[in-house]
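Heads up: the sequence lines are chains Y and L, in that order.
Each residue of the first sequence is one higher than the last, beginning at 141 in the working numbering.
Each residue of the second sequence is one higher than the last, beginning at 504 in the working numbering.
Step one of this worksheet: look at the structure below.
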Amino acid sequence: MIRMENVHKAFGPNHVLQGVNLEIPKGTSMVIIGGSGTGKSVTLKCVLGLIHPDSGKITLDDEDVTKADRDAFLARFGMLFQGGALFDSLPVWQNVAFRLLRGSLKRPKDEAREIAVEKLRRVGLKADVADKFPGELSGGMQKRVGLARAIAAEPEIIFFDEPTTGLDPIMSGVINDLIREIVVEMGATAMTITHDMSSVRAIADNVAMLHDGVIQWTGPVGDMDQSGDPYLEQFIQGRAEGPIEAVR
Amino acid sequence: MSYILGFLASLGRLTLNGLAALGRLTTFAGQTFMHILRPPYYPRELLIALLQIGWMSLPVVGLTALFTGGALALQIYAGGGRFNAEAVMPQIVAIGMVRELGPVLVGLMIAARVTSSIAAEIATMKVTEQIDALVTLSTHPMKYLVAPRVLAALITVPVLVAVGDIIGIMGGFTVAVQNLGFNPATYLHNTVNFLEMRDIVSSLVKGAAFGVIASLMGCYFGMNSGRGAQGVGRATKSSVQAAAVLILAANFVLTGVFFSL
Numbered sequence: 141m142i143r144m145e146n147v148h149k150a151f152g153p154n155h156v157l158q159g160v161n162l163e164i165p166k167g168t169s170m171v172i173i174g175g176s177g178t179g180k181s182v183t184l185k186c187v188l189g190l191i192h193p194d195s196g197k198i199t200l201d202d203e204d205v206t207k208a209d210r211d212a213f214l215a216r217f218g219m220l221f222q223g224g225a226l227f228d229s230l231p232v233w234q235n236v237a238f239r240l241l242r243g244s245l246k247r248p249k250d251e252a253r254e255i256a257v258e259k260l261r262r263v264g265l266k267a268d269v270a271d272k273f274p275g276e277l278s279g280g281m282q283k284r285v286g287l288a289r290a291i292a293a294e295p296e297i298i299f300f301d302e303p304t305t306g307l308d309p310i311m312s313g314v315i316n317d318l319i320r321e322i323v324v325e326m327g328a329t330a331m332t333i334t335h336d337m338s339s340v341r342a343i344a345d346n347v348a349m350l351h352d353g354v355i356q357w358t359g360p361v362g363d364m365d366q367s368g369d370p371y372l373e374q375f376i377q378g379r380a381e382g383p384i385e386a387v388r
Numbered sequence: 504m505s506y507i508l509g510f511l512a513s514l515g516r517l518t519l520n521g522l523a524a525l526g527r528l529t530t531f532a533g534q535t536f537m538h539i540l541r542p543p544y545y546p547r548e549l550l551i552a553l554l555q556i557g558w559m560s561l562p563v564v565g566l567t568a569l570f571t572g573g574a575l576a577l578q579i580y581a582g583g584g585r586f587n588a589e590a591v592m593p594q595i596v597a598i599g600m601v602r603e604l605g606p607v608l609v610g611l612m613i614a615a616r617v618t619s620s621i622a623a624e625i626a627t628m629k630v631t632e633q634i635d636a637l638v639t640l641s642t643h644p645m646k647y648l649v650a651p652r653v654l655a656a657l658i659t660v661p662v663l664v665a666v667g668d669i670i671g672i673m674g675g676f677t678v679a680v681q682n683l684g685f686n687p688a689t690y691l692h693n694t695v696n697f698l699e700m701r702d703i704v705s706s707l708v709k710g711a712a713f714g715v716i717a718s719l720m721g722c723y724f725g726m727n728s729g730r731g732a733q734g735v736g737r738a739t740k741s742s743v744q745a746a747a748v749l750i751l752a753a754n755f756v757l758t759g760v761f762f763s764l
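Printed below as a string of structure tokens:
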């Protein structure tokens with residue numbers, strides 16, 4: 141279980157997180173929603189240790205993430221970045237098998253390539269993509285390669301940062317379905333941040349809404365439409381009028 | 504009175520900022536050398552860096568040294584003529600190239616070619632979250648990106664300096680023999696006999712120091728770049744400026760050290 145307790149983070153005068161409390165039970169899919177600039181990515185990066193919170197506690201299976209052995213801790217995670225974050229100097233298969241070619245999970249090159257091709261196939265890409273470079277792929281294909289990389293080492297926990305941003309509705313649907321299938325199939329714990337409501341409904345078991353640096357509402361995805369929370373209602377209905385200021 | 508206080512305050516602020524930057528840079532350099540020494544190592548990344556910093560810089564270094572050696576020969580011949588000292592031109596070209604111009608010019612060319620490319624590449628990786636991706640893939644960016652580049656520069660730049668020294672001397676030789684009527688055998692004999700081992704050692708030590716400075720600046724500004732295209736541009740510009748100034752300052756210090764030995 142991932143647990144965040146009273147997590148604060150400020151960048152200069154900008155207090156992004158002002159006491160975030162959140163629990164993600166093992167094997168469930170949590171989607172964090174919220175407007176742009178509300179600190180969704182900061183929350184995710186705090187859990188991963190890419191950003192250090194100013195105060196508060198983040199634990200993974202009751203172990204403080206700041207005190208855990210970094211390599212062992214990160215080996216449990218996979219992450220799909222918003223823009224894919226593929227390494228343009230490496231061919232696609234080496235991107236996917238990056239973790240399997242070095243470090244504690246190192247495998248023989250042929251085996252790593254085989255796993256990479258299998259993962260590419262899993263996300264709907266043909267084997268001939270393996271030897272291309274990321275720059276030769278479309279946005280949707282890059283997202284799928286990023287997804288293949290995130291699952292290559294079969295992590296227990298997978299983070300998805302805006303998985304459908306910049307994609308057309310059909311490709312968004314494909315990515316959402318893939319994420320759901322993979323998370324269920326692997327039994328992984330998932331944490332997704334997005335403001336795409338179709339992603340929320342396709343991916344989430346539970347939803348948390350981040351607003352003004354705190355979790356405004358959290359609950360099962362099925363309860364979202366009858367939450368009675370004015371912030372959440374305004375957000376999911378996409379209304380300009382309501383407690384959330386349209387101009388921020 | 505308020506003008507004086509304002510001036511002193513801004514002077515103090517500048518000093519503090521400068522010291523803070525120096526502290527950050529020193530910490531960065533310390534971390535880099537720690538990562539160079541400690542495993543895991545990334546031989547493939549080192550090999551790529553060796554090729555990009557060393558092999559690919561040979562043409563620009565060679566051409567720079569060749570033209571500089573030729574121009575130096577002409578200048579010394581013309582200047583020496585005023586004192587009837589044209590005959591010592593081979594020795595002065597040799598010592599000028601080996602002790603001073605070879606290392607400095609190679610250092611500055613490396614700053615222009617390598618520092619800028621390292622800074623732009625790493626800054627772009629930072630902007631596109633590739634550095635964060637490395638961390639999530641259990642790979643330390645300092646170890647994977649910075650250590651191989653700095654080690655490659657430490658190894659290859661002295662070699663480039665040696666090549667630049669030889670080509671520079673040959674540039675002077677060509678001009679002397681073709682245009683100024685020097686005897687080729689005498690020219691080479693005078694050059695070889697005049698140079699001492701300490702001249703060559705100082706040249707190579709300077710090369711190693713300049714290589715470390717150039718690569719370190721590229722990595723430091725790349726890793727600390729701001730957001731977007733502007734951040735990448737600023738990191739690239741600052742890295743080249745800092746590398747060039749530090750190379751010239753280090754040259755002054757190292758020359759002083761070698762003179763005192």
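For glycine and all other residues, C-beta sits at the position ideal for the given N, C-alpha and C.
**Prompt:** What residues of chain L sit near Y:A215, judged by a beta carbon separation below 8 angstroms?
**Reply:** Locating residue 215 of chain Y in the first sequence gives position 75, counting from the first residue. Correct list: S641.
**Request:** Residues of the segment 167-185 of chain Y with a CB closer than 7 angstroms to any CB of chain L: list them in chain order, please.
**Result:** none
**Message:** To the nearest angstrom, how far is the alpha carbon of L:T694 from that of L:L550?
**Reply:** To locate residue 694 of chain L, count along the second sequence from 1; it is residue 191. To locate residue 550 of chain L, count along the second sequence from 1; it is residue 47. If you take the alpha carbons of L:T694 and L:L550, they lie about 35 angstroms apart.
**Asked** Taking any Cβ of chain L, which residues in the segment 217-228 of chain Y have a Cβ under 9 angstroms from it, in chain order?
**Response** F217, G218, M219, F221, Q222, G223, G224, A225, L226, F227 and D228
**Message:** Quick test of your reading: Y:A330 and Y:I310, contact by CB under 8 angstroms. State the CB separation rounded to the nearest angstrom.
**Reply:** Against the first sequence, residue 330 of chain Y aligns to sequence position 190. Against the first sequence, residue 310 of chain Y aligns to sequence position 170. No, Y:A330 and Y:I310 are not in contact; Cβ-Cβ is about 22 angstroms, not under 8 angstroms.
**Request:** At 8 angstroms on the CB atoms, spell out the chain L contacts of Y:F238, in chain order.
**Result:** The residue given as residue 238 of chain Y occupies position 98 in the first sequence. Under the 8 angstroms cutoff, chain L gives L640 and T642.
**Message:** Below 7 angstroms on C-beta distance, what does Y:L157 contact in chain L?
**Reply:** Numbered from its first residue, the first sequence carries residue 157 of chain Y at position 17. In chain order: nothing, as chain L lies at least about 18 angstroms away.
**Prompt:** Any Cβ of chain L within less than 8 angstroms of the Cβ of Y:D268?
**Reply:** As a working mapping, residue 268 of chain Y is identified with position 128 in the first sequence. False, the Cβ-Cβ gap to chain L never drops below 8 angstroms.
**Asked** So what does DSSP say about Y:L200, is it helix, strand or coil?
**Response** The count along the first sequence starts at 1 and reaches residue 200 of chain Y at position 60. DSSP places Y:L200 in strand when its eight states are reduced to three.
**Prompt:** What is the rounded straight-line gap between the Cα of L:G714 and the Cα of L:P651?
**Reply:** Stepping through the second sequence from its first residue, residue 714 of chain L is reached at position 211. Stepping through the second sequence from its first residue, residue 651 of chain L is reached at position 148. Approximately 13 angstroms between the Cα atoms of the pair.
**Counterpart residues of Y:P360 in DSSP-defined beta bridges** = Walking along the first sequence from the start, residue 360 of chain Y turns up at place 220. Paired residue(s): Y:N346.
**Message:** To test your reading of the DSSP string, which unbroken alpha helix (DSSP H) runs of 4 or more residues are found completely within the segment 279-319 of chain Y?
**Reply:** 279-291
**Prompt:** What's the gap between the Cα of L:I556 and the Cα of Y:F227?
**Reply:** By one-based count along the second sequence, residue 556 of chain L stands at place 53. By one-based count along the first sequence, residue 227 of chain Y stands at place 87. Taking the straight line joining both Cα atoms gives about 20 angstroms.
**Request:** Taking L:T739 as the reference, give the member of L:I750, L:V756, L:A753 and L:A717 with the closest Cα.
**Result:** In the second sequence, the residue the question calls residue 739 of chain L occupies position 236. It is L:A717 whose Cα lies nearest to the Cα of L:T739.
**Message:** For a contact defined as C-beta to C-beta under 9 angstroms, what are the partners of L:P543 on chain Y?
**Reply:** Taking the first residue of the second sequence as 1, we reach residue 543 of chain L at position 40. R242 and G243, listed in chain order.
**Prompt:** Thinking C-beta only, is Y:L350 closer than 8 angstroms to Y:I172?
**Reply:** As a working mapping, residue 172 of chain Y is identified with position 32 in the first sequence. As a working mapping, residue 350 of chain Y is identified with position 210 in the first sequence. Yes, these two residues count as a Cβ contact at 8 angstroms.
**Prompt:** What did DSSP end up calling Y:T411 once you bin it into helix, strand or coil?
**Reply:** Since the first and last residues shown for chain Y are 141 and 388, residue 411 of chain Y lies out of range.
**Request:** Could you check what DSSP says for Y:S195 in three-state terms: helix, strand or coil?
**Result:** Working through the first sequence from its first residue, we reach residue 195 of chain Y at position 55. Of the three classes helix, strand and coil, the one that applies to Y:S195 here is strand, per DSSP.
**Request:** Flag this pair as touching only if the segment 745-752 of chain L and the segment 613-631 of chain L have three or more C-beta atom pairs under 8 angstroms; answer yes or no.
**Result:** yes
**Message:** Strictly under 8 angstroms for the Cβ-Cβ distance: is L:T631 near chain Y by that measure?
**Reply:** Here residue 631 of chain L is taken as the residue at index 128 of the second sequence, counted from 1. So yes, L:T631 belongs to the interface.
**Message:** Just checking: is the beta-carbon of Y:L190 within a distance shorter than 8 angstroms of some beta-carbon in chain L?
**Reply:** Within the first sequence, residue 190 of chain Y is the residue found at index 50, counting from 1. Interface residue, yes.
**Asked** CB-CB under 6 angstroms to Y:S233, same chain, minus the five flanking residues each way: which ones, in chain order?
**Response** Stepping through the first sequence from its first residue, residue 233 of chain Y is reached at position 93. Note that residue 233 of chain Y is Trp in the sequence shown here, rather than Ser. Counting only Cβ-Cβ distances below 6 angstroms, and skipping sequence neighbours, we find R253, A256 and A270.
**Asked** Residues of chain L with a CB under 7 angstroms from the CB of Y:D209: which are they?
**Response** The residue you call residue 209 of chain Y lines up with position 69 of the first sequence. The premise fails here: Y:D209 is roughly 11 angstroms from chain L at the closest Cβ pair, so nothing lies under 7 angstroms.
**Asked** For the candidate residues Y:K266, Y:T304 and Y:E325, whose alpha-carbon lies nearest to that of Y:I291?
**Response** In the first sequence, the residue the question calls residue 291 of chain Y occupies position 151. Measuring from the Cα of Y:I291, the nearest candidate turns out to be Y:E325.
**Prompt:** Under a three-way DSSP split, which group does Y:Q158 fall into?
**Reply:** As a first step, residue 158 of chain Y must be located in the first sequence, where it is residue number 18. Y:Q158: strand per DSSP, three-state reduction.
**Asked** By Cβ distance, which residues of its chain are closer than 8 angstroms to Y:S367, with the 5 residues on each side in sequence left out?
**Response** Position 227 of the first sequence, counted from the first residue, corresponds to residue 367 of chain Y. Same-chain partners within the cutoff: W357, G359 and E373.
**Asked** From Y:G174 to Y:D317, what does the alpha carbon distance come to, in whole angstroms?
**Response** For the purposes of this step, residue 174 of chain Y is identified with residue 34 of the first sequence, where counting begins at 1. For the purposes of this step, residue 317 of chain Y is identified with residue 177 of the first sequence, where counting begins at 1. Near 22 angstroms, if we compare the C-alpha coordinates of Y:D317 and Y:G174.
**Request:** Using a Cβ-Cβ cut-off of 8 angstroms, state whether L:A622 counts as contacting chain Y.
**Result:** Reading the second sequence from its first residue, position 119 is the one you call residue 622 of chain L. Taking Cβ atoms only, chain Y never reaches closer than 8 angstroms to L:A622, which makes this a no.
**Request:** Please list, in chain order, all residues of the same chain as Y:A348 whose beta carbon is under 8 angstroms from its beta carbon, the five residues on each side excluded.
**Result:** For the purposes of this step, residue 348 of chain Y is taken as residue 208 along the first sequence, with counting starting at 1. So the qualifying residues of the chain are L162, M170, V171, I172, I173, I355, W357 and T358.
**Item:** Cβ of L:A636 within 8 angstroms of any chain Y Cβ
**Value:** By 1-based counting over the second sequence, the position of residue 636 of chain L is 133. Yes, contact with chain Y.
**Item:** Y:I384 - containing alpha helix (DSSP H), residue span
**Value:** For this step, residue 384 of chain Y is matched to residue 244 along the first sequence. Taken as a continuous stretch (DSSP letters only), Y:I384 belongs to no alpha helix (DSSP H), as it is neither H nor E.
**Asked** What residues are listed by DSSP as bridge partners for Y:R143?
**Response** By one-based count along the first sequence, residue 143 of chain Y stands at place 3. Paired residue(s): Y:E163 and Y:T199.
**Item:** L:H538 burial status per 10 Å Cβ neighbour count (16 or more: buried)
**Value:** Within the second sequence, residue 538 of chain L is the residue found at index 35, counting from 1. The residue is buried, with at least 16 neighbouring Cβ atoms inside 10 Å.
**Item:** Y:E276 to L:V649 span [Cα, whole Å]
**Value:** Here residue 276 of chain Y refers to the residue found at position 136 of the first sequence. Here residue 649 of chain L refers to the residue found at position 146 of the second sequence. The alpha-carbon atoms of Y:E276 and L:V649 are separated by roughly 27 angstroms.
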